[in-house]
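See structure below.
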Amino acid sequence: MTKRENFGSRATVIMAMAGSAIGLGNIWRFPFIVGEYGGAAFILVYIVCCFFLSMPILLSESIIGRRTHQGTFGAMNTLAPGSAWKWLGLLTIFSPLIILSYYSVVGGWSFAFLCKALALEFKPENAGAVTAMFGDFSSSTWGPLGCMAIFLVLTALIVYLGVNKGIEKFSKISIPVLFVLIVIIAIYSITLPGSGEGVRYLVKPDFSKLTPRAYAAALGQSFFSLSLGVGTMLTYSSYVRKDENILASAAGTAFFDLLFAILAGFAVMPAVFAAGIAPSSGPGLVFETLPFIFSKMGSGGQIISASVSILFFLTILVAALSSSISMMEVGVAYLVEEKGLYRRKATALLFCVTFVIGALCSLSFGSLSGVKLLGQTIFNFCDRLCSNFLMTVGALLFSLFVGWRMDKAAVKDELTNGGTLKGSARLFPVIYFLVKYVAPVTIAVIFIIGIIG
Ligand code: PFF
Numbered sequence: 000m001t002k003r004e005n006f007g008s009r010a011t012v013i014m015a016m017a018g019s020a021i022g023l024g025n026i027w028r029f030p031f032i033v034g035e036y037g038g039a040a041f042i043l044v045y046i047v048c049c050f051f052l053s054m055p056i057l058l059s060e061s062i063i064g065r066r067t068h069q070g071t072f073g074a075m076n077t078l079a080p081g082s083a084w085k086w087l088g089l090l091t092i093f094s095p096l097i098i099l100s101y102y103s104v105v106g107g108w109s110f111a112f113l114c115k116a117l118a119l120e121f122k123p124e125n126a127g128a129v130t131a132m133f134g135d136f137s138s139s140t141w142g143p144l145g146c147m148a149i150f151l152v153l154t155a156l157i158v159y160l161g162v163n164k165g166i167e168k169f170s171k172i173s174i175p176v177l178f179v180l181i182v183i184i185a186i187y188s189i190t191l192p193g194s195g196e197g198v199r200y201l202v203k204p205d206f207s208k209l210t211p212r213a214y215a216a217a218l219g220q221s222f223f224s225l226s227l228g229v230g231t232m233l234t235y236s237s238y239v240r241k242d243e244n245i246l247a248s249a250a251g252t253a254f255f256d257l258l259f260a261i262l263a264g265f266a267v268m269p270a271v272f273a274a275g276i277a278p279s280s281g282p283g284l285v286f287e288t289l290p291f292i293f294s295k296m297g298s299g300g301q302i303i304s305a306s307v308s309i310l311f312f313l314t315i316l317v318a319a320l321s322s323s324i325s326m327m328e329v330g331v332a333y334l335v336e337e338k339g340l341y342r343r344k345a346t347a348l349l350f351c352v353t354f355v356i357g358a359l360c361s362l363s364f365g366s367l368s369g370v371k372l373l374g375q376t377i378f379n380f381c382d383r384l385c386s387n388f389l390m391t392v393g394a395l396l397f398s399l400f401v402g403w404r405m406d407k408a409a410v411k412d413e414l415t416n417g418g419t420l421k422g423s424a425r426l427f428p429v430i431y432f433l434v435k436y437v438a439p440v441t442i443a444v445i446f447i448i449g450i451i452g
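Counting from 0, one number per residue, gives the positions in the sequence shown under numbering that gives the first Met the number 0.
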């Protein structure tokens with residue numbers, strides 16, 4: 000058996016984890032829900048959620064992964080042999096594959112729209128037709144399937160190259176590039192005439208909008224954004240060296256994810272308001288509203304707006320790729336380590352599985368739109384199943400596992416590198432309390448509120 004790979008340094012751990020975290024969630028959901036639920040007031044709640052609820056989960060996954068240096072299934076079997084916890088290991092192989100399937104559909108759209116931007120299709124004379132472009136494209140059959148296949152091939156290729164030559168190398172380049180791109184787009188967006196209203200939408204605190212649903216939204220968004228509860232962070236942590244400070248890597252990851260989300264807010268919303276359009280979220284925002292804006296702005300400086308639209312879809316594509324590789328890696332680690340498959344075979348197999356499920360998700364915008372699962376199209380069903388249910392349940396179980404099943408001394412040993420990290424040792428009582436009591440109770444309460452209300 001080949002030697003297990005490790006990430007090279009703290010910076011690469013943070014880049015890889017931030018790569019998983021920074022994705023579509025930051026670009027198309029965060030800006031919208033910030034405005035929807037009270038601007039700066041919501042950002043405050045979001046930050047509290049990130050550091051007091053999501054960080055304990057991220058640390059729980061990091062502790063399990065680094066302790067065992069195994070993927071989700073192997074880790075559970077090692078730490079709780081012969082127990083029902085193996086089901087958590089299995090669940091967290093299954094959920095990232097479902098996410099990867101529908102995420103790839105959107106990854107494919109991003110690729111298609113990057114091509115459209117490069118072909119200068121978003122021009123002023125097309126403005127009227129631009130919003131229809133997305134509906135026409137996504138409901139067709141072969142175009143979206145082909146683009147999804149390209150996106151999945153790119154994902155599989157990076158994963159096939161391995162932890163160092165694939166994931167680490169890609170993240171080390173893509174994360175700095177993503178930050179540069181989003182800052183450029185944000186500057187362009189903020190300097191558009193009439194953008195002030197969009198800035199106010201993001202920063203004006205409105206505490207009256209902080210309803211129970213806002214808290215549920217903040218928690219759900221921070222789990223999705225930090226890729227929690229589905230074993231990706233656990234798997235990445237299993238490639239972290241024993242002398243690495245996992246508290247510092249987790250904090251770095253959460254910081255960059257938050258920073259990117261806020262920058263994405265300033266890249267998107269000021270432009271939306273400058274164009275006098277009502278803000279929305281999801282595919283409508285990214286693939287209808289923004290191309291429309293890019294095409295309208297064209298009259299002012301066509302070269303600039305064409306370049307911004309290219310940079311924007313490139314940003315989405317790269318951000319989606321750096322997330323999708325983390326989803327595929329979970330299953331690949333399982334197949335290689337538990338089933339003895341070669342990496343090449345494992346990636347090829349997962350490519351096929353996700354392509355089939357992804358194709359069903361893609362077709363649910365067109366020929367399969369009539370097929371409903373619990374009243375939802377296949378795409379929406381997979382999205383809701385994962386982001387509203389599987390991620391929360393997984394996150395809850397990871398915190399229960401570390402707080403109640405693992406030996407406290409082992410948890411402390413892992414977090415403090417055998418007591419050598421003095422800062423982590425000082426914070427340990429607080430972190431342990433958050434993992435053992437605060438995170439599970441709050442997640443359970445918010446989860447129930449989310450279901451009832
Ligand atoms: N964090 C990613 C985003 O914000 O788009 C989504 C994601 C990645 C979810 C990896 C789950 C996962 F395992």
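Note that CB positions come from ideal geometry on N, CA and C, so glycine has one too.
Out of curiosity, what's the CA-to-CA distance linking residue i and residue j?
| i | j | result |
| --- | --- | --- |
| I189 | V47 | 27 angstroms |
| T252 | E124 | 43 angstroms |
| V283 | L225 | In the sequence as presented, Val is not what sits at residue 283; that position holds Gly. If you take the alpha carbons of G283 and L225, they lie about 23 angstroms apart. |
| M132 | F311 | 17 angstroms |
| S325 | A17 | 10 angstroms |
| F432 | V239 | 24 angstroms |
| L359 | N416 | 46 angstroms |
| G197 | Y187 | 13 angstroms |
| Y36 | T210 | 8 angstroms |
| A185 | K407 | 45 angstroms |
| F378 | G357 | 8 angstroms |
| L257 | T77 | 33 angstroms |
| A443 | S294 | 45 angstroms |
| L58 | I245 | 7 angstroms |
| I448 | R212 | 8 angstroms |
| A274 | S173 | 30 angstroms |
Pull up the CB-CB distance for residue i and residue j, whole angstroms please, since I reckon it's below 8 angstroms.
| i | j | result |
| --- | --- | --- |
| A305 | L119 | 6 angstroms |
| G38 | V267 | The pair is not a contact, with the Cβ atoms about 14 angstroms apart (cut-off 8 angstroms). |
Apart from the five residues just before and just after residue i, which ones in its own chain have a Cβ nearer than 7 angstroms to its Cβ?
| i | result |
| --- | --- |
| A319 | G22, L23, Y102, V105, G106 and S109 |
| A217 | F41, V44, Y45 and C48 |
| A15 | F6, I166, E167, S170 and Y235 |
| E413 | I62, R65 and R66 |
| L420 | N244 |
| V33 | F41, I42, L201 and G264 |
Kindly examine the ligand PFF and report whether one of its heavy atoms sits closer than 6 angstroms to the Cβ of residue i.
| i | result |
| --- | --- |
| A155 | no |
| L23 | yes |
| S19 | yes |
| M327 | no |
| I166 | no |
| V335 | no |
| I98 | yes |
| T71 | no |
| T231 | yes |
| P95 | yes |
| S226 | yes |
| S237 | no |
| S221 | no |
| S322 | yes |
Considering just the uninterrupted stretch of the alpha helix (DSSP H) at residue i, what are its terminal residues?
| i | result |
| --- | --- |
| T353 | R342 to L362 |
| M232 | T231 to S236 |
| T391 | M390 to L399 |
| V239 | First-last for V239: undefined, no H or E at that position. |
| S270 | It should be pointed out that residue 270 corresponds to Ala in this sequence rather than to Ser. A270 -> alpha helix (DSSP H) spans I245 to A273. |
| C114 | K85 to L117 |
| N76 | T71 to L78 |
| A15 | R9 to A20 |
Sorted by chain position, which residues of the same chain lie with C-beta nearer than 6 angstroms to residue i's C-beta, five sequence neighbours on each side aside?
| i | result |
| --- | --- |
| A345 | V331, L334 and V335 |
| L233 | E60, I63, G64 and T71 |
| S322 | S19 and G22 |
Ordered along the chain, which non-local residues of its own chain (more than five positions away) have a Cβ less than 8 angstroms from that of residue i?
| i | result |
| --- | --- |
| L87 | T71, M75, G393, L396, F397 and F400 |
| F223 | G24, R28, S386 and M390 |
| A508 | In the structure as shown, the chain begins at 0 and stops at 452. Residue 508 is therefore absent and cannot be evaluated. |
Is it the case that the CB of residue i approaches a heavy atom of the ligand NAP more closely than 6 angstroms?
| i | result |
| --- | --- |
| S363 | Inclusion of the ligand NAP in the displayed structure is not the case, the ligand content consisting of the ligand PFF alone. |
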